[in-house]
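Engineer: My structure is below; once you've seen it, I'll send some questions.
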Amino acid sequence: MAMQTATAGRKARWALLDIIVVVYALVPVLWIASLSLKSKDTIADGNFIPREWTLQNYKDIFATTEFIRPLFNSIGIALIATFVAVILGMMAAYAVARLEFPGKKLLVGVSLLIAMFPQISLVTPLFNIERELGLFDTWPGLILPYITFALPLAIYTLSSFFREIPWELEKAAKMDGATPAQAFRKVIAPLAAPGVFTTAILVFILCWNDFLFAISLTSTEASRTVPAALSFFTGASQFEDPTGTISAAAVVITIPIILFVLFFQRRIVAGLTSGAVKG
Amino acid sequence: MAEIVLDKVTKRYPDGAQAVSEMNIEIADGEFIILVGPSGCGKSTALNMIAGLEDISGGELRIDGQRANEKSPKDRDIAMVFQSYALYPHMSVRENMAFPLRLAKVDDATVNEKVEEAAQILDLNQHLDRRPANLSGGQRQRVAMGRAIVRSPKAFLMDEPLSNLDAKLRGQMRTSVSKLQKQLAVTTVYVTHDQTEAMTLGDRVVVLRGGHVQQIGSPQFLYEQPANLFVAGFIGSPSMNFVPGTLEDGVLKSVLGTTVLTDRVRRLVEAAGGPREVIAGIRPEHFEDVSLVDEKHREAGATFRSTVDVLESMGAEKYAYFSLDEQLTGSEELAELAADAGSADVPGSGSTIVTRLDAASAAAEGRELEVWFDPERLQLFDPKSGKNLTFDG
Ligand SMILES: Nc1ncnc2c1ncn2[C@@H]1O[C@H](COP(=O)(O)OP(=O)(O)O)[C@@H](O)[C@H]1O
Ligand SMILES: [Mg+2]
Numbered sequence: 536m537a538m539q540t541a542t543a544g545r546k547a548r549w550a551l552l553d554i555i556v557v558v559y560a561l562v563p564v565l566w567i568a569s570l571s572l573k574s575k576d577t578i579a580d581g582n583f584i585p586r587e588w589t590l591q592n593y594k595d596i597f598a599t600t601e602f603i604r605p606l607f608n609s610i611g612i613a614l615i616a617t618f619v620a621v622i623l624g625m626m627a628a629y630a631v632a633r634l635e636f637p638g639k640k641l642l643v644g645v646s647l648l649i650a651m652f653p654q655i656s657l658v659t660p661l662f663n664i665e666r667e668l669g670l671f672d673t674w675p676g677l678i679l680p681y682i683t684f685a686l687p688l689a690i691y692t693l694s695s696f697f698r699e700i701p702w703e704l705e706k707a708a709k710m711d712g713a714t715p716a717q718a719f720r721k722v723i724a725p726l727a728a729p730g731v732f733t734t735a736i737l738v739f740i741l742c743w744n745d746f747l748f749a750i751s752l753t754s755t756e757a758s759r760t761v762p763a764a765l766s767f768f769t770g771a772s773q774f775e776d777p778t779g780t781i782s783a784a785a786v787v788i789t790i791p792i793i794l795f796v797l798f799f800q801r802r803i804v805a806g807l808t809s810g811a812v813k814g
Numbered sequence: 357m358a359e360i361v362l363d364k365v366t367k368r369y370p371d372g373a374q375a376v377s378e379m380n381i382e383i384a385d386g387e388f389i390i391l392v393g394p395s396g397c398g399k400s401t402a403l404n405m406i407a408g409l410e411d412i413s414g415g416e417l418r419i420d421g422q423r424a425n426e427k428s429p430k431d432r433d434i435a436m437v438f439q440s441y442a443l444y445p446h447m448s449v450r451e452n453m454a455f456p457l458r459l460a461k462v463d464d465a466t467v468n469e470k471v472e473e474a475a476q477i478l479d480l481n482q483h484l485d486r487r488p489a490n491l492s493g494g495q496r497q498r499v500a501m502g503r504a505i506v507r508s509p510k511a512f513l514m515d516e517p518l519s520n521l522d523a524k525l526r527g528q529m530r531t532s533v534s535k536l537q538k539q540l541a542v543t544t545v546y547v548t549h550d551q552t553e554a555m556t557l558g559d560r561v562v563v564l565r566g567g568h569v570q571q572i573g574s575p576q577f578l579y580e581q582p583a584n585l586f587v588a589g590f591i592g593s594p595s596m597n598f599v600p601g602t603l604e605d606g607v608l609k610s611v612l613g614t615t616v617l618t619d620r621v622r623r624l625v626e627a628a629g630g631p632r633e634v635i636a637g638i639r640p641e642h643f644e645d646v647s648l649v650d651e652k653h654r655e656a657g658a659t660f661r662s663t664v665d666v667l668e669s670m671g672a673e674k675y676a677y678f679s680l681d682e683q684l685t686g687s688e689e690l691a692e693l694a695a696d697a698g699s700a701d702v703p704g705s706g707s708t709i710v711t712r713l714d715a716a717s718a719a720a721e722g723r724e725l726e727v728w729f730d731p732e733r734l735q736l737f738d739p740k741s742g743k744n745l746t747f748d749g
């Protein structure tokens, strides 16, 4: 009996703690969502629940290229950067996890260094370099720095996943007649997939959320991404307060991230690798 | 079907460790050969070199007369069963077994037929659509075997395939492996650290120690004619008893008393230029309660008298343990052997003598017993080199 009340009490305390954390994390998000659904007149009334519901803000942002074009840029740039960073990261992580080679420690150290490097100090040099090379305000102009800064993250996450793979399976595949490439494709890759997806999500979020490079290395809608574009929102006329439309845009750009996570969550099935070895 | 020859095959790992030294083995087509030795003696390394999973640092590996050192595993056409089974967790049992065939681009109908056939042999039919994670240890082991046999390879390599099973299952699987090998008649190299598996499975046994081949021969031959102390102590269960002794004019003096050597033994020792100090070895099963030995034999044999320390009655036989005063000293070989095998595995290397007596023996713990043995069965070893002085190969 005493035991039960003790566990019940503990449960209650945990539940309370969980609620606090969830509320703390969700209130700003819900606030933004609420703002985006308010009409122009009630936007500053301070109510959490809108008194007048409207989808006008959403209609407005999708009515102009001011939002649609950056959204397209964001999706394209983040996807390409993620793809390239994950592919390169996979190769590097494989080497880090599996091979002994001179300079391995150096490689890991340097990638850590890049991750820690204050990005703001690179903005001015990058701005000048990209202007010289004609990369300024282009997709590659953003994709390249994103890859650079996503790679350390990708290498780190992937190499810790790769270390967990039962590599004896690779030997088994070779004995079964697979070439090294086949062993990788048919045996190792499916087992590495959960790690790759997780890494892809993290890298995608990193690129998707970037504001610094997006604001500094773009100047027009040709390559401006949503986080940067938000700061240029003006609303329908110059004299209109764009709070509602900014909120709507902010809600819209969180949707891909949520979808991304939900979609891949099912692939990150824990225990996929169990049963390979004796057990 | 293949003949596999290891010609002075050597493995040196990049860190400098010499795992296998100048190994010479000729494996005949269809032969079942066992590599046995204590943990870390280089068995897996040797097997991986045959498989092509480890590079060969020196010497030559020939499969069917052709040099195979540089061939990739894929081109050697050898199947392997791993200690951990190494099943593909993301594939069903069927796909696991079909995998080698799919890689070989065999058509679907044949793949199905072969998988069903292998499943039939291994009694896996009901489990074909399950995932390895949902199978028991014994079933996983059989899937691993199935994956090896589906494509009818030139040879099988097995690295301690039964060591993750419990004792009973291991016994059953041992019988099935043996039957399977006879049925398929495919050259098989089987690695184990368990001397019972070695004795019961193979046509021939290779005893390894520290990367060196100690002796190659049929299980019976290794049992009867061990080339040295190591093999003598490793093969046989319980292990051979070892006692130090001095040899003079064909008479052995030891804790077992003064024993007159038989002519055969004496001749062999003299031919081997035996030293005065020797280690005498005799197996537990070569002792008997003196009261159960008939007159005729009793005359020809020797006896010693001591108090039974521990008596284990197994029903069909009794094991009587004696503590003899004298400590065994002076043989580095024996000390190493005890260390290698874990001294508990070599009860004879202390001052304990293990004897296997007939179940009819009246031996009782704490009482004196006179024990008989046949001097013809004595094996004498050089304490320095460990060489068997009575070896008659
Ligand atoms: N990859 C490796 N690098 C360095 N030394 C190794 C490696 N693999 C095995 N060894 C060493 O080689 C010796 C033989 O190992 P192994 O063949 O695995 O023994 P066994 O299978 O008989 O237990 C051991 O001393 C072991 O430490
Ligand atoms: Mg081993």
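Chains as they are written, first to last, in our numbering: chain A, 536 to 814; chain B, 357 to 749.
Glycine included, each C-beta is placed from N, C-alpha and C at the ideal position.
1. If contact means a Cβ-Cβ distance below 7 Å, which residues of the segment 542 to 570 of chain B contact chain A?
2. Do A:T589 and A:K573 come within 9 Å of each other at the CB atom, strictly closer than that value?
3. Please identify, using Cβ separations under 8 Å, the residues of the segment 701 to 731 of chain A that lie next to chain B, in order along the chain.
4. Got a sec? Which residues, its chain only, sit under 7 Å from B:G704 by beta carbon, not counting five neighbours each side?
5. Since B:F438 meets chain A, which of its residues come closer than 7 Å, beta carbon to beta carbon?
6. Is the separation between the beta-carbon of B:I381 and that of B:V569 shorter than 9 Å?
7. For the 8 Å Cβ check, are there 3 or more pairs between the segment 749 to 758 of chain A and the segment 707 to 727 of chain A?
8. Mind checking B:G421: buried by the 16 CB within 10 Å criterion, or exposed?
9. Distance check for B:I389 and B:G372, CA to CA, integer angstroms please.
10. Answer with yes or no whether the minimum CB distance from B:K430 to chain A is below 9 Å.
11. For the segment 490 to 511 of chain B, which residues have a beta carbon sitting closer than 8 Å to at least one beta carbon of chain A?
12. Closest Cβ-Cβ distance between A:E699 and chain B: below 9 Å?
13. Report the neighbours of B:P394 on chain A: residues whose CB is nearer than 9 Å to its CB, in chain order.
14. With three or more C-beta pairs closer than 8 Å as the rule, is the segment 680 to 687 of chain A touching the segment 412 to 432 of chain B?
15. By a C-beta neighbour count over all protein chains shown, 10 Å radius and 16 as the cutoff for buried, is B:P379 buried or exposed?
16. Mapping DSSP to helix, strand and coil, what is B:L521?
17. Please name the residue, chosen from B:G613, B:V611 and B:L617, that lies closest to B:R605 on a Cα-to-Cα basis.
18. Taking the alpha carbon of B:S679 as the point to measure from, which residue in B:E668, B:A541, B:H549 and B:S662 has its own alpha carbon closest?
19. So the candidates are B:M447, B:C397 and B:E668; which of them puts its Cα closest to the Cα of B:R487?
20. Please identify the residue among A:P701, A:A763, A:I622 and A:F732 whose C-alpha is closest to the C-alpha of B:L445.
21. Between B:D515 and ligand 2, is the CB less than 8 Å from at least one heavy atom?
22. Cβ of B:S532 versus every heavy atom of ligand 1: is any distance shorter than 8 Å?
23. Helix, strand or coil for B:V462? Go by DSSP, reduced to three states.
24. Tell me whether B:A611 sits in a helix, a strand or coil according to DSSP, three-state version.
25. What in chain A is Cβ-close to B:L409, meaning under 8 Å?
26. Out of curiosity, what's the CA-to-CA distance linking A:L614 and B:A554?
27. Which residues mark the beginning and the end of the beta strand (DSSP E) in which B:E410 is found?
28. In the DSSP assignment, find the beta strand (DSSP E) that holds B:D665 and state where it starts and stops.
29. Looking at the strands, I want to know which residues DSSP matches up with B:V553.
30. Measure the alpha-carbon distance for B:P394 versus B:G592 and round it to whole angstroms.
31. Do the segment 641 to 653 of chain B and the segment 727 to 736 of chain B make contact, defined as three or more Cβ pairs closer than 8 Å?
32. Does at least one heavy atom of ligand 2 sit under 8 Å from the Cβ of A:V738?
33. Answer yes if the segment 626 to 642 of chain A comes into contact with the segment 562 to 581 of chain A, meaning at least three C-beta pairs across the two stretches below 8 Å, and no otherwise.
34. Is A:A724 near ligand 1 - that is, is its Cβ less than 8 Å away from at least one heavy atom of it?
35. So B:I755 contacts chain A; which residues on that side make the cut at Cβ distance below 9 Å?
36. Which same chain residues, not among the five before or five after A:K709, have their C-beta less than 6 Å away from its C-beta?
Structural biologist: Inspection of the coordinates gives the following:
1. none
2. Reading the first sequence from its first residue, position 38 is the one you call residue 573 of chain A. Reading the first sequence from its first residue, position 54 is the one you call residue 589 of chain A. Yes. Within cutoff.
3. P701, E703, L704, K706, A707, A708, K709, M710, D711, G712, A713, T714, Q717, K721, V722, P725 and L726
4. In the second sequence, counting from the first residue as 1, residue 704 of chain B sits at position 348. Legend: pLDDT at B:G704 = 45, less than 50; position of this residue unreliable, value from coordinates given subsequently. So the list reads S595, M596, N597, F598 and V710, once near-sequence residues are dropped.
5. On the second sequence, residue 438 of chain B is found 82 positions in, with the first residue counted as 1. Chain A residues near B:F438: E703 and A707.
6. In the second sequence, the residue the question calls residue 381 of chain B occupies position 25. In the second sequence, the residue the question calls residue 569 of chain B occupies position 213. Yes; because the gap between Cβ atoms is below 9 Å, this pair is in contact.
7. no
8. Here residue 421 of chain B refers to the residue found at position 65 when the second sequence is read from its first residue. Exposed.
9. As a position in the second sequence, residue 372 of chain B is number 16, starting the count at 1. As a position in the second sequence, residue 389 of chain B is number 33, starting the count at 1. Near 29 Å, if we compare the C-alpha coordinates of B:I389 and B:G372.
10. Here residue 430 of chain B is taken as the residue at index 74 of the second sequence, counted from 1. With 9 Å as the cut-off, B:K430 counts as an interface residue toward chain A.
11. Of all residues in the segment 490 to 511 of chain B, N490, L491, G493, R496, R503 and R507 have a Cβ within less than 8 Å of some Cβ in chain A.
12. Taking the first residue of the first sequence as position 1, residue 699 of chain A is located at position 164. It does not: the Cβ of A:E699 has no partner Cβ on chain B nearer than 9 Å.
13. Your numbering for residue 394 of chain B matches position 38 in the second sequence. Going along chain A, no residue has its Cβ under 9 Å from B:P394, so there is no contact; the nearest lies around 21 Å.
14. When Cβ pairs closer than 8 Å are counted between the two stretches, the segment 412 to 432 of chain B is seen not to touch the segment 680 to 687 of chain A, the count staying below three.
15. One-based indexing of the second sequence puts residue 379 of chain B at position 23. A small fix is needed here, since residue 379 of chain B is Met in this sequence, not Pro. By the neighbour-count rule (16 or more Cβ atoms within 10 Å), B:M379 is buried.
16. Translated into the one-based positions of the second sequence, residue 521 of chain B becomes position 165. Coil.
17. Working through the second sequence from its first residue, we reach residue 605 of chain B at position 249. The sequence as given places Asp at residue 605 of chain B; Arg does not occur at that position. Checked all of B:G613, B:V611 and B:L617; the closest Cα to B:D605 is B:L617.
18. The residue you call residue 679 of chain B lines up with position 323 of the second sequence. Checking every option, the nearest Cα to that of B:S679 belongs to B:S662.
19. Residue 487 of chain B sits at position 131 when you count from the first residue of the second sequence. Comparing Cα positions, the closest option is B:M447.
20. Working through the second sequence from its first residue, we reach residue 445 of chain B at position 89. Checking the sequence, you will find Pro at residue 445 of chain B rather than Leu. Looking at the Cα atoms, A:P701 is the closest of the given residues.
21. Residue mapping note: residue 515 of chain B aligns to position 159 of the second sequence, counting from 1. Yes, since a heavy atom of ligand 2 falls inside the 8 Å radius drawn around the Cβ of B:D515.
22. Numbered from 1 along the second sequence, position 176 holds the residue referred to as residue 532 of chain B. Relative to the non-hydrogen atoms of ligand 1, the Cβ of B:S532 never comes closer than 8 Å to any of them.
23. Taking the first residue of the second sequence as 1, we reach residue 462 of chain B at position 106. Of the three classes helix, strand and coil, the one that applies to B:V462 here is coil, per DSSP.
24. Taking the second sequence and counting its residues from 1, one reaches residue 611 of chain B at position 255. Correcting the residue identity first, residue 611 of chain B is Val in this sequence and not Ala. Assignment of B:V611 by DSSP, reduced to helix, strand and coil, places it in the coil class.
25. Here the question's residue 409 of chain B lines up with position 53 in the second sequence. Those within 8 Å of B:L409 in chain A are K706, K709 and M710.
26. The count along the first sequence starts at 1 and reaches residue 614 of chain A at position 79. The count along the second sequence starts at 1 and reaches residue 554 of chain B at position 198. When rounded, the distance between both Cα atoms is 58 Å.
27. On the second sequence, residue 410 of chain B is found 54 positions in, with the first residue counted as 1. Counting along the chain, B:E410 sits inside no beta strand (DSSP E), nor does DSSP assign it H or E at all.
28. To locate residue 665 of chain B, count along the second sequence from 1; it is residue 309. Run containing B:D665: A658 to S669, per the beta strand (DSSP E) assignment.
29. Taking the second sequence and counting its residues from 1, one reaches residue 553 of chain B at position 197. It should be noted that the sequence gives Glu, not Val, for residue 553 of chain B. Note: B:E553 sits in no beta bridge, so no partner.
30. Residue 394 of chain B sits at position 38 when you count from the first residue of the second sequence. Residue 592 of chain B sits at position 236 when you count from the first residue of the second sequence. Their backbone Cα atoms lie some 14 Å apart in a straight line.
31. Contact between the segment 641 to 653 of chain B and the segment 727 to 736 of chain B is present, with at least three C-beta pairs closer than 8 Å.
32. Here residue 738 of chain A corresponds to residue number 203 of the first sequence, with the count starting at 1. A:V738: no, Cβ never under 8 Å from ligand 2.
33. no
34. Taking the first residue of the first sequence as position 1, residue 724 of chain A is located at position 189. No.
35. No information on residue 755 of chain B is available, as it lies outside the stretch 357 to 749 that chain B covers here.
36. Walking along the first sequence from the start, residue 709 of chain A turns up at place 174. Cβ neighbours of A:K709 beyond the five flanking positions: A718.
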